[in-house]
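J.: I have a structure I would like to understand better, so I am pasting it below and will then ask my questions one at a time.
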Amino acid sequence: MTESTHSNCKSLLGSLSDYVDGDLGAELCREIEKHIAECEDCRIVVDTTRKTVDLVHASNLPQTGLPDEVRDRLFKRLNLADYLKPVSQ
Amino acid sequence: MIETISKPDISLEALRAGDRAEFARLVDSYSAPIYRLGLRMLGNEQDAEDVLQNTFLSAFTHLSNFEGRSSVLTWLYRIAVNESLMVMRRGKPEVNIDDTDSSDEAEDFSPTQFVDWGALPEDMLLSVEGKQALDRAIQNLPENLRMVFLLRDIQELSIKDTAETLGLTESNVKVRLLRARLSLREQLSVYYGERINQEKIND
Ligand SMILES: [Zn+2]
Numbered sequence: 001m002t003e004s005t006h007s008n009c010k011s012l013l014g015s016l017s018d019y020v021d022g023d024l025g026a027e028l029c030r031e032i033e034k035h036i037a038e039c040e041d042c043r044i045v046v047d048t049t050r051k052t053v054d055l056v057h058a059s060n061l062p063q064t065g066l067p068d069e070v071r072d073r074l075f076k077r078l079n080l081a082d083y084l085k086p087v088s089q
Numbered sequence: 001m002i003e004t005i006s007k008p009d010i011s012l013e014a015l016r017a018g019d020r021a022e023f024a025r026l027v028d029s030y031s032a033p034i035y036r037l038g039l040r041m042l043g044n045e046q047d048a049e050d051v052l053q054n055t056f057l058s059a060f061t062h063l064s065n066f067e068g069r070s071s072v073l074t075w076l077y078r079i080a081v082n083e084s085l086m087v088m089r090r091g092k093p094e095v096n097i098d099d100t101d102s103s104d105e106a107e108d109f110s111p112t113q114f115v116d117w118g119a120l121p122e123d124m125l126l127s128v129e130g131k132q133a134l135d136r137a138i139q140n141l142p143e144n145l146r147m148v149f150l151l152r153d154i155q156e157l158s159i160k161d162t163a164e165t166l167g168l169t170e171s172n173v174k175v176r177l178l179r180a181r182l183s184l185r186e187q188l189s190v191y192y193g194e195r196i197n198q199e200k201i202n203d
């Protein structure tokens with residue numbers, strides 16, 4: 001695959017999620033790394049996809065709890081109002 | 001990461017026997033992730049609260065259908081996803097998550113944006129504005145991609161649990177996850193491309 005111009009770009013795309021999640025086998029990883037060393041567009045796609053997933057995970061935290069008034073209404077709707085003591089800390 | 005996976009040992013027998021205290025414990029253990037899922041899925045608090053209430057009402061009614069093969073959380077997510085779809089369909093005639101539409105090929109999502117924004121400083125990427133851009137991009141995803149993305153990347157279910165929750169195959173989940181991520185990447189590339197250009201102009 002010496003003249004690996006852009007014929008590999010599409011096949012890289014198929015492995016992208018697994019690569020970013022760290023679920024790709026070592027051999028396929030090496031292929032991708034070899035390709036993105038030569039193909040700037042794919043290098044950018046890989047970097048920015050990884051960054052996108054990182055940002056999603058980073059913005060997941062902190063996990064907010066249920067607002068008190070939402071919990072109140074939920075318990076009443078479920079006829080559980082008598083169990084509506086404050087959430088224990 | 002998901003705080004509810006502190007495995008609250010909810011007793012199924014107690015639930016089925018109509019133990020209301022146990023049901024209250026179930027609600028307190030799982031209501032927060034269900035509410036967040038609804039918020040992300042529907043984008044507003046009123047709809048998210050409807051989904052939350054309907055999910056537990058439905059769970060209560062269908063307790064006997066729960067066989068305990070999947071986790072309680074997966075089971076509740078499945079109900080919540082269906083409730084969310086019903087809310088979405090109020091306004092629109094057809095939202096179908098399991099239709100294998102013609103564009104289920106990743107090739108249709110070939111990247112078109114090659115802005116190298118991945119190395120921008122974290123405090124810019126994680127700024128209030130940056131997070132809003134991400135939220136907008138998520139809301140722009142078509143429903144069938146958004147469901148998969150939310151369960152996998154936001155609620156952090158495994159591929160297997162995501163597939164089970166949505167009644168999709170694992171390979172279908174993977175294809176949709178890839179399409180969702182690529183779509184978000186495209187949208188963020190446009191957003192940060194504009195930022196980068198503005199800075200160049202201002203310099
Ligand atoms: Zn390439």
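If you're matching them up, the sequences are chains A and B in order.
Counting in this note's numbering, the first sequence runs from 1 upward without gaps.
Counting in this note's numbering, the second sequence runs from 1 upward without gaps.
Even glycine gets a Cβ: it sits at the ideal position worked out from N, Cα and C.
Computed from a prediction, not measured in an experiment: that's the story for all the values here.
(1) Give a yes or no on whether the minimum CB-CB distance between Ser103(B) and chain A is below 7 angstroms.
(2) So, for Arg176(B): in the same chain, excluding its five sequence neighbours on each side, which residues have a beta-carbon less than 6 angstroms away from its beta-carbon?
(3) Using beta carbons (cut-off 7 angstroms, strictly below), is Asp41(A) in contact with chain B?
(4) Any heavy atom of ligand 1 closer than 6 angstroms to the Cβ of Cys90(A)?
(5) Consider the Cβ of Tyr83(A): report whether some Cβ of chain B lies at a distance smaller than 7 angstroms.
(6) Measure from the alpha carbon of His57(A) to the alpha carbon of each residue in Asn202(B), Leu42(B), Leu126(B) and Asp19(B), then state which is nearest.
(7) Starting from Ala58(A), trace the alpha helix (DSSP H) both ways and give me its first and last residue.
(8) Alpha carbon to alpha carbon, how far is Ser11(A) from Glu33(A)?
(9) Kindly indicate the opening and closing residues of the alpha helix (DSSP H) around Leu12(B).
(10) Step through the CB atoms of chain A and report whether any lies within less than 7 angstroms of the CB of Phe66(B).
(11) Helix, strand or coil for Gly68(B), going by three-state DSSP, please let me know.
(12) Kindly say whether Asn8(A), judged by its beta-carbon, lies nearer than 7 angstroms to any beta-carbon of chain B.
T.: On the basis of the coordinates in this document:
(1) Position 103 of the second sequence holds residue 103(B). Per-residue confidence for Ser103(B) stands at a pLDDT of 46, beneath the threshold of 50, marking its modelled position as unreliable; no derived number is given.
(2) Sequence index remark: in the second sequence, residue 176(B) carries index 176 (1-based). Within the same chain, Leu145 and Val148 come within 6 angstroms of Arg176(B) by CB-CB distance, once the 5 residues on both sides are set aside.
(3) Locating residue 41(A) in the first sequence gives position 41, where the first residue counts as 1. Look at Asp41(A): its C-beta is under 7 angstroms from a C-beta on chain B.
(4) Nothing can be reported for residue 90(A), as the shown portion of chain A is limited to 1 through 89.
(5) The count along the first sequence starts at 1 and reaches residue 83(A) at position 83. Interface residue, yes.
(6) Walking along the first sequence from the start, residue 57(A) turns up at place 57. That would be Leu126(B), whose Cα lies nearest to the Cα of His57(A).
(7) As a working mapping, residue 58(A) is identified with position 58 in the first sequence. Unbroken alpha helix (DSSP H) run through Ala58(A): Glu40 to Asn60.
(8) For the purposes of this step, residue 11(A) is identified with residue 11 of the first sequence, where counting begins at 1. For the purposes of this step, residue 33(A) is identified with residue 33 of the first sequence, where counting begins at 1. Cα to Cα, the separation comes out at about 13 angstroms.
(9) For the purposes of this step, residue 12(B) is identified with residue 12 of the second sequence, where counting begins at 1. Unbroken alpha helix (DSSP H) run through Leu12(B): Leu12 to Arg16.
(10) The residue labelled residue 66(B) in the question sits at position 66 within the second sequence. Not closer than 7 angstroms to any Cβ of chain A, the Cβ of Phe66(B) fails to qualify, so no.
(11) For the purposes of this step, residue 68(B) is identified with residue 68 of the second sequence, where counting begins at 1. Residue state, collapsed to three classes: coil.
(12) Against the first sequence, residue 8(A) aligns to sequence position 8. Asn8(A) does not count as touching chain B.
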